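Protein chains in written order, with full-length UniProt numbering: chain B, 1 to 117; chain V, 1 to 117.
Encoded structure:
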């Protein structure tokens, strides 16, 4: 079946959550949002592209920082309302310089923060 | 620092996305939503609990199907607006009987669906 980006279920703001996972380690790197144009551009260019909710513009991941995500695999879930992209991540995915955005763990009721890069 | 479920950034509906990842394989199993009560209950009981948007009630994953998710690790991201839970998954995570909800891949413009269980 041909894939049509319009067939995904976007929220009221026209966005769908996209989880980025490291293609080799399986580490979950980040979650961000795509709109229809970002989905189409990600598949066409293989440069993972999100929608920046703060800047209200397409966000080609790593375009300014160099920390690009090359698309390796593009998946959607059973409800068609969430995406999972396997990526070849250059440098850190997180703006804090850490590999992943999920560097804070809750253990025994306390937050434990992993060291930065 | 003590973790306060109220310190997370929920959306206008009071929800935060939660990604469930298999603790051993690293496979991303599903994404669902939690509200503050679900976060609190997940941490207290170690039974991963979501908020069902269709039923508008707490959804103790696997309570009726038996396909429970035992919490192994609870993480939050740099923006405090997304959760990542490492789980010990009993049975399939997906309602279709598949291990993961992300069984559809987009390859060369076409949808490729993995076999069901």
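Backbone N, C-alpha and C define an ideal beta-carbon position, used for all residues, glycine too. Treat the numbers as computed from the prediction; the structure is a model and nothing was measured.
Margin query: Let me check one thing: in DSSP terms, what residues is residue 88 of chain B bridge-paired to?
Written below: B/70
Check: Can you list, in chain order, the residues of its chain whose CB lies under 7 Å from that of residue 46 of chain V, leaving out five sequence neighbours each side?
Finding: 70 and 71
Notebook entry, point to check: At a Cβ threshold of 7 Å, is residue 106 of chain B touching chain V?
Noted result: yes
Notebook entry, point to check: Any idea if residue 6 of chain B is buried or exposed, counting beta-carbon neighbours within 10 angstroms, 16 or more meaning buried?
Noted result: exposed
Note to self: Any contact between the region 10-18 of chain V and the region 87-101 of chain V? By contact I mean 3 or more CB pairs, one from each, below 8 Å.
What the structure shows: no
Checklist line | Span of the beta strand (DSSP E), counted from its first residue to its last, around residue 22 of chain V | finding: 16-22
Item checked: is_contact[residue 110 of chain V, chain B] using C-beta, thresh 7 Å -> yes
Check: Going along the chain, which residues of its own chain have a beta-carbon closer than 8 Å to the beta-carbon of residue 66 of chain B, five neighbours each way excluded?
Finding: 90 and 91
Check: CA-CA distance, residue 78 of chain B and residue 107 of chain B?
Finding: 32 Å
Next item on the list: Reducing DSSP to helix, strand and coil, say where residue 40 of chain V ends up.
Entry: helix
Item checked: Close Cβ partners of residue 10 of chain B (< 6 Å) along its chain, the five nearest in sequence each way excluded -> 16
Check: In three-state DSSP terms, what is residue 13 of chain B?
Finding: coil
Notebook entry, point to check: If residue 31 of chain V and residue 19 of chain B are in contact, beta carbons under 8 Å, what's the gap, nearest whole angstrom?
Noted result: 7 Å
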